[in-house]
Amino acid sequence: MRCIFLDRTGQSGMIPLTPSPTIKESPPMRAFLAAAFALPFAVAALAASPEQALAPLAFEQIAPAGTKMPRFKVDAAWPAMPDDLLLGQVSGVAVGPDDSVWVVHRPHSLTATDTGLSESPAIAACCKPAPPVVRFAKDGRYLGGWGGADSAPTVDGVNQWPASLHGIFIDKSGSVWFGGNGKGDHVVMNYTPEGKYIRRFGRREKTGGNDATDQLGNPSDVNHSDGMVLISDGYVNRRVIGFDDRSNAYKGRWGAYGKPPSGPVLQGTFDQSHAVDPSRVADPKSAIFNSIVHCVVPTRDGHLYVCDRNNNRAQLFKREKDGGLTFVRDLAIAPETGGTHTVTDIAFSPDPEQTYLYVADMMNGRIWVLERKTHTILGAFGRIGRQAGQFTWLHSIDTDSAGNIYATEVNTGRRVQKLVFTGIE
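Read in order, the letters of the sequence shown are residues 19 to 443 in our numbering.
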């Protein structure tokens with residue numbers, strides 16, 4: 019769907035949209051490093067296309083011997099960042115219609131020892147944070163980035179740029195969407211691919227609980243398709259909420275099993291200690307969503323998966339013509355898992371039938387492979403660790419048109435990896 023909402027005012031209680039100033043591009047690299055260290059220093063050119071460095075992945079086959087399923091290797095050379103830039107926690111990945119790979123990351127998660135080049139005066143030859151929204155070519159070349167408070171509107175004295183970006187989605191027009199789960203981040207933002215503000219849903223520092231129709235609560239993920247903007251709302255609230263993509267009007271809200279959302283909302287500000295709270299016990303048969311409703315991922319055949327992370331499950335819904343959601347089934351993944359729990363994101367093989375379903379499992383550091391039609395678990399690849407093809411706080415996944423998987427990590431993981439599809443075996 020094309021985004022044509024630059025001048026529209028929200029309806030049904032939606033907050034009026036505010037025009038944005040043109041995004042400010044990053045200034046050239048500061049020249050003070052040479053004086054500080056008596057070393058020559060030039061502006062880093064965009065990274066060239068790297069050669070692949072394929073390595074095997076840990077793999078467990080669960081289906082009977084001889085069952086065919088997708089296989090992958092990790093490209094340890096992907097991506098090729100500019101020499102002076104660094105990614106922090108990478109909290110979202112999405113592949114655009116042109117197969118470019120977009121990520122959002124959290125510059126604030128980097129420390130002064132990571133970003134010595136940004137100190138004044140500089141204390142190291144490298145690095146500085148990459149822009150919050152970054153685009154890569156499929157082959158790993160860095161194509162640029164943008165974002166920050168200068169690109170967002172200010173409403174009643176509150177800048178609407180999220181303090182901690184969370185999730186990213188690229189729609190059919192190439193438009194960029196993301197949310198936030200930092201302090202006061204009760205907003206979903208929509209931008210052009212070049213970084214020009216289009217519109218938002220919700221408003222920073224304003225939240226109203228599961229029953230609010232014009233406010234959000236730390237939204238984790240967003241999808242724009244089939245005339246709807248669907249949001250997993252997410253870290254404070256426990257629901258999915260939908261809006262009409264033309265009028266921005268509220269369309270509905272859903273809890274577990276398609277019932278009205280319920281359960282306590284988070285009081286105060288989410289921080290990562292909440293993600294490992296031992297009192298949050300998973301119940302894959304719970305009548306309500308647990309805290310951290312983490313993804314909304316549609317299929318081509320009119321269904322929607324919702325990640326109920328702290329219940330170690332996804333729920334599958336049918337998308338109705340009127341925009342409603344009808345519950346179909348539960349999908350439990352490693353249901354006895356504790357800690358950060360399992361289902362953080364979902365992606366599909368790129369064939370027309372989306373034959374295979376991939377489920378990111380944060381706590382176990384692996385990606386599960388299922389046959390989508392039957393939801394039979396075929397196997398899993400990856401393991402906890404810090405080497406290529408291993409995962410620490412595995413967070414988000416997506417696939418490109420060739421079947422490659424891109425996977426991101428948060429907390430101390432702080433990277434995006436490319437898993438190269440090698441065939442069905």
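Every residue gets a Cβ at the ideal spot worked out from N, C-alpha and C, and that includes glycine.
Q | Helix, strand or coil at residue 262 [DSSP, three-state] | A | strand
Q: Determine the contact status of residue 400 and residue 385, defining contact as a CB-CB distance below 7 Å.
A: yes
Q | Member of 308, 318 and 107 whose CA lies at the smallest distance from the CA of residue 127 | A | 107
(Q) By the three-class DSSP mapping on this structure, what secondary structure does residue 326 have? (A) strand
Q: Tell me residue 153's beta-bridge partners as DSSP assigns them.
A: 120 and 162
Q) Is it right to say residue 86 is buried, meaning 16 or more other beta carbons lie within 10 angstroms of its own, or is it exposed? A) exposed
**Q.** residue 234 (DSSP reduced to helix, strand or coil)
**A.** coil
(Q) Quick check on the burial criterion: 16 or more other C-beta atoms within 10 angstroms. Buried or exposed for residue 53? (A) Here residue 53 scores only 39 on pLDDT, less than 50, and its place in the model should not be relied on; the value that follows carries that caveat. Residue 53 is exposed by the Cβ-count criterion.
Q: Identify the continuous beta strand (DSSP E) that holds residue 299 and give its terminal residues.
A: Counting along the chain, residue 299 falls outside any beta strand (DSSP E), and DSSP gives it neither H nor E.
Q: Mind checking which residues open and close the beta strand (DSSP E) that includes residue 246?
A: 246 to 251
Q: Kindly list the residues whose CB is nearer than 6 Å to the CB of residue 42, restricted to its own chain and excluding five residues on each side of it in sequence; keep chain order.
A: Reliability of the predicted coordinates at residue 42 is poor, the pLDDT of 38 falling under 50, and the value obtained from them is presented with this limitation in mind. So the qualifying residues of the chain are 168.
(Q) Beta-carbon within less than 7 Å of residue 20's beta-carbon, same chain only, minus the 5 sequence neighbours each way: which residues are those? (A) With a pLDDT of 35 at residue 20, under the threshold of 50, the modelled position of that residue is not reliable, and no figure is offered here.
Q. Going by alpha carbons, who is nearest to residue 158 out of 442, 443 and 438?
A. 438
Q: Whole angstroms is fine: what's the gap from residue 132's alpha carbon to residue 426's?
A: 19 Å
**Q.** Exposure label - residue 436; buried when at least 16 CB within 10 Å
**A.** buried
Q | Three-state secondary structure assigned by DSSP to residue 204 | A | coil
Q. Taking Cβ to Cβ, would you say residue 80 is nearer than 7 Å to residue 395?
A. yes
Q.
Distance check for residue 125 and residue 204, CA to CA, integer angstroms please.
A. 19 Å
Q: Look at the alpha carbon of residue 374 and the alpha carbon of residue 231, and state the distance between them as a whole number of angstroms.
A: 35 Å
Q | Bounding residues of the beta strand (DSSP E) (the contiguous stretch that carries residue 88) | A | 88 to 93
**Q.** Where the beta strand (DSSP E) through residue 187 begins and ends
**A.** 183 to 188
(Q) For residue 184, which residues in the same chain have their Cβ closer than 6 Å to its Cβ, ignoring the five residues on either side in sequence? (A) 109, 197, 198, 199 and 238
Q | Residue span of the beta strand (DSSP E) that contains residue 112, given as start and end | A | 107 to 113
Q: In angstroms with no decimal places, state the Cα-to-Cα distance between residue 407 and residue 181.
A: 29 Å
**Q.** residue 434 classed as buried or exposed, judged by whether at least 16 other C-beta atoms fall within 10 angstroms
**A.** buried
Q: Kindly indicate the opening and closing residues of the beta strand (DSSP E) around residue 78.
A: 77 to 79
Q. Going by C-alpha distance, which of 234, 195 and 304 is nearest residue 209?
A. 195
Q.
Does the contact criterion of 3 or more C-beta pairs under 8 Å hold for the stretch 323 to 343 versus the stretch 248 to 265?
A. yes
(Q) Assuming residue 439 is part of the beta strand (DSSP E), what are its boundary residues? (A) 433 to 442
Q. By Cβ distance below 7 Å, which residues in the same chain neighbour residue 359 in space, the five residues on each side in sequence not counted?
A. 300, 327, 328, 330, 380 and 381
Q) Just how far apart, CA to CA, sit residue 51 and residue 135? A) Unreliable placement is indicated for residue 51, whose pLDDT of 41 sits below 50; the coordinate value is still reported in the next sentence. Rounded to the nearest angstrom, the two C-alpha atoms are 8 Å apart.
Q) Should residue 420 go down as buried or exposed, given a rule of 16 or more other Cβ atoms within 10 Å for buried? A) exposed
(Q) Pull the bridge partners of residue 240 from the DSSP assignment, please. (A) 249
**Q.** Pair within 7 Å by beta-carbon distance, residue 148 and residue 105
**A.** yes
Q. Run through DSSP, which three-state label would residue 211 get?
A. coil
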